[in-house]
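With the sequence shown counted from 1, adding 752 to any position gets you the numbering used here. Here the structure is laid out as structure tokens; the discussion comes afterwards.
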Amino acid sequence: MAEIRGGGGGCCPPMDLMRSEPMQLVQVIVPMESAHLTVSYLGDLGLVQFKDLNSEKSPFQRTYAAQIKRCGEMARKIRFFKDQMSKAGVSPKVILDKDVDIDLDDVEVKLGELEAELVEINANNDKLQRSYNELVEYKLVLEKAGEFFASAHRSATAQQSEIESQQVGEDVLETPLLQEEKSVDPTKQVKLGFLTGLVPREKSMVFERILFRATRGNIFIRQSVIEESVVDPNSGEKAEKNVFVVFYSGERAKSKILKICEAFGANRYPFSEELGRQAQMMTEGIPGTFLSSLLVSSDRWMGYVWCINTVSIHGRVSGRLAELKTTISAGLDHRKILLETIGDKFEQWNLKVRKEKAIYHTLNMLSLDVTKKCLVGEGWSPLFAAPEIQEALQRAAVDSNSQVGSIFQVLRTKEMPPTFFRTNKFTTAFQEIVDAYGVAKYQEANPTVFTIVTFPFLFAVMFGDWGHGICLLLATMYLILREKKLSSQKLGDIMEMAFGGRYVIFMMSLFSIYTGLIYNEFFSIPYPLFAPSAYECRDASCRHVEATTIGLIKTRDTYPFGVDPVWHGTRSELPFLNSLKMKMSILLGVAQMNLGIIMSFCNAKFFKSAVNVWFQFVPQMIFLNCLFGYLSVLIIIKWCTGSQADLYHVMIYMFLSPMDDLGENQLFPNQKTVQLTFLFLALVSVPWMLLPKPFILKKQHEARHQGQSYAQLDETDESLQVEITGGSHGHEEFEFSEIFVHQLIHTIEFVLGAVSNTASYLRLWALRYKLLLLAKTPPEHVITNPYALLVQSCPLGVVVSLLREGSPYGVGFQQYIHPYRWDPRLHLCNRGSASGDGDVERVPSRPASSLGGVSEQVLRRRWLQVCSLHFHSSRKRRRVSDDGSFLLSRELLQMPSSACAYIRYEKEL
């Protein structure tokens, strides 16, 4: 169903959360000149939900399609500004006065101017940044390639000098002949070309291999690693790159190299190879004194060409980089100032554009009159809102200087109205929690009334601790006392969620304090707040770590409120509290499920549906209470009588063997007869829910429409028009198959849900049990010994190979478990040891002296109770040895390294 929600105010009548507000269908006829202002005032009021009277038209055929497109374009510009501000780290200014009126035309012009300016600034900044990144890469190429050419020329000069020195002692007559042999035709000389650039480091090896294969080895390539990451000019992201120099011969090889560079994303940069150009650049970039000193020795001139050229270009590139850096910094400062100017008005512009778009969207839902001078709209509104709507219509007509006022009238209809619950700041969060599961139908009972109490109370059942509750209460009180200031601020995602649910957390904290007092836990420490403990030690044995409640005697009255603090710290604490809280969870679950069924009875009585009372409410109550209500009664009887009956056994054999005697599990006389009666009623209630209701509904439908082929017309044309346009719900065809399938699904869902929901309420006990175990871990073992977390988080049947006996890890594990006096009897052995029994290995048990003085039989029994669940599923793969020991195969635990587990087991257990 559709839903309308409004905030409660001083003008509203007293709230009634139990039922949704009574609704009415109203019609509004608004002149064209005041339509915009009228919809704006009604939107601020928030008590009208308009129907779409133009559903047959496409969005482009509606009256105000151009205005919506215009608002959409302005919204796009605002999103662009928001994205730019988030990238620049500029936060929009929070507006305190939201009633400032801004002209939409002025906003549109201003947004267009600011967008054009910001786009131009971004484009110029991108170009400058790209040039800067290219120059940085060019500078690196000059450094690395210059070093390569300089070292290569020094090596060639040294080799030439060595050859000349070897030819000094040769015969003069032989020299011309040798020179003629060495002379080569200049036209046949091979001229080598080269390319320089940068390639991503992760692609460098593949790049070199592809070049070698493409040119069939007719290249020479050298690469140099750049230590620091550089910003790629194309992508704008940092990357690790290598400088490369590739020597080739021929234009064909050059074209192949260029294509490969383009495919690998390698950026190429020029490196002059003409001596004249190098000399020109050298004379422009090198001081004259330094140049003349180089020209003193003409033999060394060619050796310094590469070095001088590189230094000259390097100096000019560095100067250009400094200029670009200054220009980019100035551009970024100007961009930040512009974004700060936008941020001052951003929230006002955003609110104005969103509001205008919503107004025009609503106007498109109104139909245009035949005269095209007014708009006609229909919508749902609460009954109490009629005076406020009329006042808003009159105010809009006066403010727009309209000569004709708006017309407001109520229409009659058979349509199902939407659901509207008036909420305030306290109940809004609870209502949203309920709506997340489903919105109630019109005039149905609202579960939010009960959720305000049940939801935080069930939370407190799991996390009851009055120390934690006080901390939660203080944090929530801060949010509540500063809610006016915080509501006008931009909060983070987590903080926004916590602030929205501040009253839910407030109720949780109160109930946590309440249940914490019942549990008698202040940060998991008991305190005798209301009276001293009712029990005292009879002898010194009850003060032992392994003490139970056997050594205690009752000397005072029963502890007045909550759990007696004497239970805390004893060995019987966990069994006692687990039994208490597990059974309490079932009682709470059955009570809440009964509450839901009772609410369905309230709905049936409100709508005067006897079918739902006798064929839905009654069988559901019988089924639920004959099974789980009976279990709740047994729990209470067991608490009152102190019986040792096994309730699991009673409930299981109530279905499997209902005719067997109960024996020691009998709690009251004639219990067997009562169980047979309840079982019979539960089985009968299932077809009671399924079969009668569909046939009764079919018969009622046939009787209602029998002889009604011709119906009398209503008196007014308005009601006729409403019946034609929106009253089709009263004339829907009755499909018996759909009704029967729906009832079948509802019956199956209830039967299965009664079982699964009762089991689900055990999570209250399970989470509380987990917290209790964590609370019992000594702080020094959690802080100083990480194996405490290992045991608490991992299944107890899993043994990590690091925990070998004798290793430092195994010693730490034993130190952790020693204070609890429950030795797990874990014995780790090497899988490679020769056991002579196939894939099964066996380890002798440890002597009793290593058990810390605990009885061997007691320790084995307690450890088996813990581990039986973890090893039960693999019973078929266990074998029992002669002395009663479990032998676990290697494949059973699937250890990551050489380790296996062994558990001592006595046959009498």
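No residue lacks a Cβ here, since even glycine has one placed at the ideal position from N, Cα and C. All values reported here derive from a predicted model rather than from experimental measurement.
Of the residues the options, the one placed nearest residue i, counting alpha carbons only
{"i": "P1312", "options": "T1322, I1338 and L1281", "result": "L1281"}
{"i": "K990", "options": "N885, F964 and A904", "result": "N885"}
{"i": "R1322", "options": "P1278, C823 and L1339", "result": "It is worth fixing the name first, because residue 1322 is Thr in this sequence and not Arg. For the residues P1278, C823 and L1339, the minimum Cα distance to T1322 belongs to P1278."}
{"i": "G949", "options": "Y890, F972 and V958", "result": "Y890"}
{"i": "F1491", "options": "V888, A1506, K1451 and L1526", "result": "Note that residue 1491 is Ile in the sequence shown, not Phe. Here the closest residue by C-alpha is K1451."}
{"i": "A1343", "options": "F1430, M1373, L777 and S1285", "result": "M1373"}
{"i": "P952", "options": "R968, V983 and I973", "result": "V983"}
{"i": "L1424", "options": "L1414, L1433 and F1432", "result": "Note that residue 1424 is Lys in the sequence shown, not Leu. Taking only the C-alpha atoms, the option nearest K1424 is L1414."}
{"i": "V1349", "options": "V1365, I1388 and L1231", "result": "For clarity, residue 1349 is Ile in the given sequence; the question names Val instead. Of V1365, I1388 and L1231, the residue nearest in Cα terms is V1365."}
{"i": "K1124", "options": "T815, R1020 and V1493", "result": "T815"}
{"i": "L1376", "options": "T1393, L1433 and K1236", "result": "L1433"}
{"i": "R828", "options": "P1439, E1248 and R1106", "result": "R1106"}
{"i": "L1135", "options": "T1203, L789, L777 and K1006", "result": "L777"}
Residue i in three-state terms, based on DSSP
{"i": "V782", "result": "strand"}
{"i": "T1228", "result": "helix"}
{"i": "A968", "result": "Position check: residue 968 holds Arg in this sequence, whereas Ala was assumed. R968 falls in the coil class under three-state DSSP."}
{"i": "E775", "result": "The residue you asked about is not Glu; residue 775 is Met in the sequence shown. Here M775 sits in strand by DSSP."}
{"i": "E867", "result": "helix"}
{"i": "N1019", "result": "strand"}
{"i": "R974", "result": "strand"}
{"i": "Q1423", "result": "helix"}
{"i": "Q1161", "result": "strand"}
{"i": "P1446", "result": "helix"}
{"i": "V861", "result": "helix"}
{"i": "Y1513", "result": "coil"}
{"i": "M770", "result": "coil"}
{"i": "L1663", "result": "Outside the displayed range of the chain (753 to 1661) lies residue 1663, so it cannot be described from this structure."}
{"i": "S981", "result": "coil"}
{"i": "K1360", "result": "coil"}
{"i": "N1377", "result": "helix"}
{"i": "L805", "result": "coil"}
{"i": "S1119", "result": "strand"}
Rounded straight-line distance, which links the Cα of residue j to that of residue i
{"i": "Q779", "j": "V1162", "result": "6 Å"}
{"i": "T1510", "j": "F832", "result": "52 Å"}
{"i": "L1419", "j": "F1488", "result": "47 Å"}
{"i": "L1523", "j": "K809", "result": "59 Å"}
{"i": "R1023", "j": "V995", "result": "The sequence given here has Phe at residue 1023, not Arg. Computed Cα separation, rounded: 13 Å."}
{"i": "M770", "j": "P1208", "result": "19 Å"}
{"i": "F1502", "j": "M1441", "result": "10 Å"}
{"i": "L1399", "j": "I1338", "result": "12 Å"}
{"i": "F1172", "j": "V1186", "result": "14 Å"}
{"i": "G696", "j": "N877", "result": "The requested residue 696 is not part of the displayed model; the chain covers only 753 to 1661."}
{"i": "K1357", "j": "V1370", "result": "13 Å"}
{"i": "F900", "j": "F959", "result": "20 Å"}
{"i": "M1403", "j": "V1205", "result": "31 Å"}
{"i": "K1390", "j": "F1328", "result": "14 Å"}
{"i": "L894", "j": "L856", "result": "56 Å"}
{"i": "M1336", "j": "F1447", "result": "41 Å"}
Beta carbon proximity, residue i to chain C, threshold 8 Å
{"i": "W1440", "result": "Judged by its chain identifiers, the structure shown contains no chain C, having just a single protein chain."}
Residues of its chain near residue i, where Cβ-Cβ distance is below 6 Å and the 5 sequence neighbours each way are ignored
{"i": "K845", "result": "G1095 and D1096"}
{"i": "E1273", "result": "D1217"}
{"i": "L1262", "result": "none"}
{"i": "A1212", "result": "F1263, S1264 and T1267"}
{"i": "K1306", "result": "A1286 and Y1287"}
Proximal residues to residue i (C-beta, below 7 Å), its chain only, five neighbours per side dropped
{"i": "P1169", "result": "M775, W1132 and Y1194"}
{"i": "R1147", "result": "Y793"}
{"i": "A1137", "result": "L799"}
{"i": "H1113", "result": "I820"}
{"i": "P1284", "result": "R1308"}
{"i": "K1183", "result": "Residue identity differs from the one stated: residue 1183 is Gln in this sequence, not Lys. F1173, T1175 and T1200, listed in sequence order."}
{"i": "N1417", "result": "A1397, D1398, H1401 and V1402"}
{"i": "L947", "result": "V998, I1009 and R1020"}
Any non-hydrogen atom of the ligand MG closer than 7 Å to residue i Cβ
{"i": "K1107", "result": "Ligands are entirely absent from the displayed structure, and the ligand MG is therefore not among its contents."}
Counting only runs that start and end within the stretch 1123-1157, where is the alpha helix (DSSP H) found for 4 or more residues in a row? 1138-1151
What ranges does the alpha helix (DSSP H) occupy inside the stretch 1166-1232, keeping only unbroken runs of at least 4 residues that lie completely in it? 1180-1189 and 1200-1214
What residue ranges within the stretch 874-916 form continuous alpha helix (DSSP H) runs of no fewer than 4 residues, ordered along the chain? none
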